[in-house]
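Structure record follows, encoded as structure tokens.
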Amino acid sequence: MKAPRFAYARPASVAEALALLDKHRDEARVLAGGQSLVPMLNFRVAAPKVLVDINRIAALSGIKVTKSHVRIGALTRHVDLERSADIARHLPLVAAAVPHIAHPAVRNRGTFGGSCALADPAAELPACALALGATFVVAGKRGERRIAADDFFRGLYATALKSGELLVAAEFPLARPGYVSAFGELARRHGDYAITGIAAHGSTQGGKFSGLRVVFFGVGDRPQLAAHFARALEGQPAAAKSVAAALSKLDADLAPRADLYSSAATKLHLAKVLAGRVLGGLLP
Amino acid sequence: MNAPAETVEIALTVNGERVKHTVPARMNLADFLRIELELTGTHVGCEHGVCGACTVRVDGEIVRGCLLFACQADGCKVDTVEGLSDSREIEELQSAFVLTNALQCGFCTPGILMAAQALLRDLPNPTREQIREYLSGNYCRCTGYQAIVDAIEAVAKARVSRSK
Numbered sequence: 000m001k002a003p004r005f006a007y008a009r010p011a012s013v014a015e016a017l018a019l020l021d022k023h024r025d026e027a028r029v030l031a032g033g034q035s036l037v038p039m040l041n042f043r044v045a046a047p048k049v050l051v052d053i054n055r056i057a058a059l060s061g062i063k064v065t066k067s068h069v070r071i072g073a074l075t076r077h078v079d080l081e082r083s084a085d086i087a088r089h090l091p092l093v094a095a096a097v098p099h100i101a102h103p104a105v106r107n108r109g110t111f112g113g114s115c116a117l118a119d120p121a122a123e124l125p126a127c128a129l130a131l132g133a134t135f136v137v138a139g140k141r142g143e144r145r146i147a148a149d150d151f152f153r154g155l156y157a158t159a160l161k162s163g164e165l166l167v168a169a170e171f172p173l174a175r176p177g178y179v180s181a182f183g184e185l186a187r188r189h190g191d192y193a194i195t196g197i198a199a200h201g202s203t204q205g206g207k208f209s210g211l212r213v214v215f216f217g218v219g220d221r222p223q224l225a226a227h228f229a230r231a232l233e234g235q236p237a238a239a240k241s242v243a244a245a246l247s248k249l250d251a252d253l254a255p256r257a258d259l260y261s262s263a264a265t266k267l268h269l270a271k272v273l274a275g276r277v278l279g280g281l282l283p
Numbered sequence: 000m001n002a003p004a005e006t007v008e009i010a011l012t013v014n015g016e017r018v019k020h021t022v023p024a025r026m027n028l029a030d031f032l033r034i035e036l037e038l039t040g041t042h043v044g045c046e047h048g049v050c051g052a053c054t055v056r057v058d059g060e061i062v063r064g065c066l067l068f069a070c071q072a073d074g075c076k077v078d079t080v081e082g083l084s085d086s087r088e089i090e091e092l093q094s095a096f097v098l099t100n101a102l103q104c105g106f107c108t109p110g111i112l113m114a115a116q117a118l119l120r121d122l123p124n125p126t127r128e129q130i131r132e133y134l135s136g137n138y139c140r141c142t143g144y145q146a147i148v149d150a151i152e153a154v155a156k157a158r159v160s161r162s163k
């Protein structure tokens with residue numbers, strides 16, 4: 000189908016965008032890459048009266064590395080992450096995740112901020128942000144506020160963003176020495192929505208797991224931090240048999256629901272299979 | 000431009016020609032090309048970004064024509080399969096598609112040609128696996144893909160051997 004009627008605005012600055020969002024409130028939606036929003040419009044799942052197109056706001060794009068973090072602007076496109084030497088060097092987890100997102104033509108338009116603000120439970124980048132302990136930078140009428148990834152994802156397509164606010168960037172802390180990451184997902188075809196996926200980050204220095212953050216996606220209403228699983232692995236030898244012994248803890252961390260293709264039991268089983276594989280990628 | 004409006008004036012370059020139009024904001028780029036400019040080589044299949052039949056180039060990068068509103072392409076340089084065909088940029092791919100029988104009904108072919116040309120720009124000597132992965136966003140319901148991969152592989156090999 001075609002998108003329903005809407006009024007289109009293309010602000011040139013964050014201030015102009017915020018003024019529009021403040022004026023039109025719940026009747027407005029932000030149009031970033033549009034790779035999820037436009038299908039939702041075409042399906043008539045969403046029918047906002049006003050679309051605020053932020054694509055010409057240059058200040059929202061780009062990747063910056065400082066002494067303490069990597070800042071990814073909300074409008075940075077997946078293809079920019081894919082081609083960035085800074086991302087490959089400082090955020091290898093993100094670099095590993097991006098090729099799994101849809102297809103090249105979609106990655107040329109889709110944005111980092113769009114993916115996080117939409118909070119699709121099967122999306123790769125929200126899981127990476129949570130695994131890496133990123134902080135989201137949000138602008139509103141009263142200025143900027145910062146929201147930790149742990150508090151940002153609130154449920155199915157739900158985030159801590161309030162009406163009238165705009166996600167402007169995320170800051171990823173630079174990895175501490177000895178920290179490594181691994182990413183994997185299971186999908187029927189390349190680029191399809193993940194049946195389940197994992198973004199994992201932690202240290203294996205001295206041959207022991209520590210500080211692990213293992214995030215599952217596609218198995219709940221939001222990216223799921225597997226806290227019981229990580230706790231069971233803390234201080235354990237960084238070896239496949241430690242991972243295998245801790246897998247049963249995932250029963251406490253995950254409660255997947257059946258979807259059109261897989262039962263809940265299948266999803267949990269596949270999550271464990273994938274955990275074995277992906278955590279294997281962290282081993283020294 | 001700031002006040003929200005349901006119709007938008009746009010000026011863009013399509014296949015090297017400047018065009019100016021007033022379009023409904025809700026009109027997607029693929030429909031604009033087909034209906035307003037009568038460039039019907041860009042096909043509209045699923046209208047939600049899955050099938051790849053509407054693939055066009057905007058400012059040099061391939062995108063889904065159905066997931067971009069025409070008003071968003073204001074000021075952009077758009078290239079369609081007609082443009083790439085007229086400039087002979089995809090001549091070798093077109094010949095290889097004919098030679099290997101890489102199309103039957105032809106509905107997906109324009110989108111696949113656009114994607115294949117982008118692939119060979121980024122990755123001049125792809126493996127068959129990489130060709131398949133790159134084309135995972137372009138559906139073909141006739142050929143089973145084998146002949147399409149053959150055609151693209153043949154063009155890649157020919158181009159690489161020529162550049163040596």
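Those protein sequences? They're chains A and B, same order as listed. The numbering of the first sequence is numbering that gives the first Met the number 0, which starts it at 0 and goes up by one. The numbering of the second sequence is numbering that gives the first Met the number 0, which starts it at 0 and goes up by one. C-beta: ideal position from N, C-alpha, C; glycine also. All figures in this text were calculated on a predicted structure; none of them were measured in a lab.
Around the beta carbon of Gln93 of chain B, a 10 Å sphere encloses 16 or more other beta carbons of the protein chains shown; the residue is thus reported as buried.
Under DSSP, Lys76 of chain B shares a beta bridge with B:Thr12. The Cβ of Pro176 of chain A sits no closer than 9 angstroms to any Cβ of chain B. For the segment 41-88 of chain A, the full-length beta strand (DSSP E) segments reaching 3 residues or more read 49-52, 62-64 and 68-72 along the chain. About 7 angstroms separates the CB atoms of Pro3 of chain A and Arg25 of chain B; that is less than 8 angstroms, so the two are in contact.
Between Val97 of chain A and Val49 of chain A, the alpha-carbon positions lie close to 30 angstroms from each other. If you check each beta-carbon in the segment 115-145 of chain B against every beta-carbon of chain A, the ones closer than 9 angstroms belong to Ala117, Leu118, Asp121, Arg131, Glu132, Tyr133, Leu134, Ser135, Gly136 and Asn137.
At the C-beta level, Cys75 of chain B and Leu11 of chain B come within 9 angstroms of one another. For the segment 30-62 of chain A, the beta-carbon criterion of a distance under 7 angstroms to any beta-carbon of chain B is satisfied by Gly33, Gln34, Val37, Pro38, Asn41, Phe42, Val49, Asp52 and Asn54. A contact is defined here as three or more CB-CB pairs under 8 angstroms, and the segment 128-141 of chain B meets this definition with respect to the segment 178-192 of chain A. Per the coordinates, the alpha-carbon of Leu36 of chain B lies some 17 angstroms from the alpha-carbon of Thr6 of chain B. Leu32 of chain B sits away from Val57 of chain B, with the two beta carbons spaced by 9 angstroms or more. Contacts between Glu81 of chain A and chain B, judged by CB atoms closer than 8 angstroms, are missing: the closest CB pair is about 10 angstroms apart. For the segment 129-193 of chain A, the continuous alpha helix (DSSP H) assignments of 4+ residues that do not extend past its boundaries occur at 148-151, in sequence order.
In chain order, Ser162 and Gly163 place their CB closer than 8 angstroms to the CB of Arg24 of chain A, counting only its own chain and leaving out the 5 sequence neighbours on each side. Using a Cβ distance threshold of 9 angstroms, Leu117 of chain A and Leu36 of chain A count as a contacting pair.
Shown here, Ile147 of chain B sits in a helix according to DSSP, grouped into three states. Annotation: the continuous alpha helix (DSSP H) that includes Thr108 of chain B extends over Thr108 to Asp121. The criterion of a C-beta distance shorter than 9 angstroms is not satisfied by Ala181 of chain A and Leu90 of chain A. For Leu30 of chain A and Gly205 of chain A, the gap between their C-alpha atoms comes out near 47 angstroms.
Cβ neighbours of Leu92 of chain A within its own chain (closer than 7 angstroms, five residues either side excluded): Cys127, Ala130, Leu131, Ser180, Phe182, Ala198 and His200. By the beta-carbon neighbour count (other beta carbons within 10 angstroms, threshold 16), Asp149 of chain A is exposed.
Lys19 of chain B is bridged by DSSP to B:Ala10. About 14 angstroms separates the Cβ atoms of Ala114 of chain B and Gly44 of chain B, ruling out a contact at the 8 angstroms cut-off.
Distance from the CA atom of Glu46 of chain B to the CA atom of Phe208 of chain A, rounded to whole angstroms, is 47 angstroms. The beta carbon of Leu32 of chain B does not come within 9 angstroms of any beta carbon belonging to chain A, so the residue lies off that interface.
Proximity of Val80 of chain B to chain A, defined by a Cβ-Cβ separation below 9 angstroms, is not satisfied. The C-beta of Val78 of chain A comes closer than 9 angstroms to at least one C-beta of chain B. Residue range Thr195 to Ser202 is occupied by the beta strand (DSSP E) that includes Ile197 of chain A. The beta carbon of Asn27 of chain B falls within 9 angstroms of a beta carbon belonging to chain A, placing the residue at that interface.
When B:Val77, B:Glu16 and B:Ala72 are compared, the shortest CA-CA separation from Gly32 of chain A is found for B:Ala72.
Straight across, the Cα-Cα distance linking Gly64 of chain B with Leu28 of chain B is about 5 angstroms. The DSSP-derived three-state label of Thr142 of chain B is coil.
The beta-carbon distance between Ala104 of chain A and Ile61 of chain B, rounded to whole angstroms, is 5 angstroms. This is short enough to meet the 8 angstroms contact definition.
DSSP places Thr265 of chain A within a helical segment (H, G or I) once states are collapsed to three.
By the Cβ-count criterion, Cys70 of chain B is buried, with 16 or more other Cβ atoms from all chains shown falling within 10 Å of its own Cβ.
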